[in-house]
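Undergrad: This is the structure I have questions about; it appears just below.
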Amino acid sequence: MTTSPSTAPTGPAATPPTTPPTTPGTGPTAGPPTTPATMTPADLTPAPLDREAGYALLAELAGPVAAATLGGLDGLAPGFPDWIVTSLFGGTYQRPGLALRDRQVANLAALTALGGVEPQLADHVRNSLRIGMTREEVVEVIVHLAPYVGVPKALAGLRVATATFAEAATPEGAPA
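The opening position of the sequence shown corresponds to residue 8 in our numbering, with each subsequent residue numbered one higher.
Encoded structure:
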């Protein structure tokens with residue numbers, strides 16, 4: 008149907024809905040719609056945080072290096088490492104919908120794209136290898152990013168991956 012600026016549409020399609028919108032899942036008889044100003048925690052789906060699962064996953068991903076890193080960080084910013092582990096590894100990582108491998112691919116891509124976070128990217132390269140990704144897969148994730156994030160960031164990511172691979176190949180305590 009075409010209309011001119013001075014002609015309003017008519018018929019059933021032109022009739023506005025008579026039921027005000029409500030919070031999804033609450034139905035039309037639940038009262039007025041929830042707005043940010045009237046929202047309460049009961050209006051939202053709880054985000055489960057599992058502190059113990061977070062520490063278990065971090066141990067699986069990062070191994071013994073996690074304890075040293077967290078201990079040093081806790082000395083500088085008390086409570087911050089626990090918040091990271093609980094909210095990230097005990098929360099975000101525990102959500103359904105992505106396998107651990109897929110989350111690692113996303114982490115490699117995000118950290119490479121971000122740039123300037125070489126220690127974290129190196130940790131996630133190690134974590135990716137620890138969960139069974141191959142060196143080739145890690146490299147291909149980073150190479151695939153070049154047209155999207157720029158060649159310099161992809162090259163920086165590859166430098167981190169190369170150094171991390173070399174470190175992983177070096178026996179513990181031996182000079183690289």
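Beta carbons: idealized from backbone N, C-alpha and C, even for Gly. Model, not experiment: these values are computed from the prediction.
For S94, which residues in the same chain have their Cβ closer than 7 Å to its Cβ, ignoring the five residues on either side in sequence?
TA: Counting only Cβ-Cβ distances below 7 Å, and skipping sequence neighbours, we find L56.
Undergrad: Cα-Cα, which of E174, Y62, G61 and A163 is closest to E125?
TA: Ranking the options by Cα distance to E125, first place goes to A163.
Undergrad: Any idea if R110 is buried or exposed, counting beta-carbon neighbours within 10 angstroms, 16 or more meaning buried?
TA: When all chains shown are included, R110 counts as buried.
Undergrad: Within this structure, are the beta carbons of I149 and L165 separated by less than 7 Å?
TA: Yes, the pair counts as a contact, with Cβ atoms nearer than the cut-off.
Undergrad: So, with DSSP's three-state summary, where would you put T76?
TA: Three-state result, T76: helix.
Undergrad: Pick out whichever of G70, E144 and G122 has its Cα sitting closest to the Cα of V158.
TA: Measuring from the Cα of V158, the nearest candidate turns out to be G122.
Undergrad: Where do the ends of the alpha helix (DSSP H) carrying V112 lie?
TA: Counting along the chain, the alpha helix (DSSP H) containing V112 begins and ends at L107 to L121.
Undergrad: Locate the alpha helix (DSSP H) running through T169, then write down its first and last residues.
TA: Unbroken alpha helix (DSSP H) run through T169: V158 to A176.
Undergrad: To the nearest whole angstrom, what separates the beta carbons of V112 and V132, a pair I think is in contact under 8 Å?
TA: With a Cβ gap of about 12 Å, V112 and V132 do not count as contacting.
Undergrad: In three-state terms, what does DSSP make of D50?
TA: Helix at D50.
Undergrad: T14: buried (16+ other C-beta within 10 angstroms of its C-beta) or exposed?
TA: Note that T14 has pLDDT 49, beneath the 50 cutoff, so the model's placement of it is unreliable and the number below is only indicative. T14 comes out exposed.
Undergrad: Of all the options P154, A153 and L115, which has the alpha carbon lying nearest to the alpha carbon of M140?
TA: Per the Cα distances, L115.
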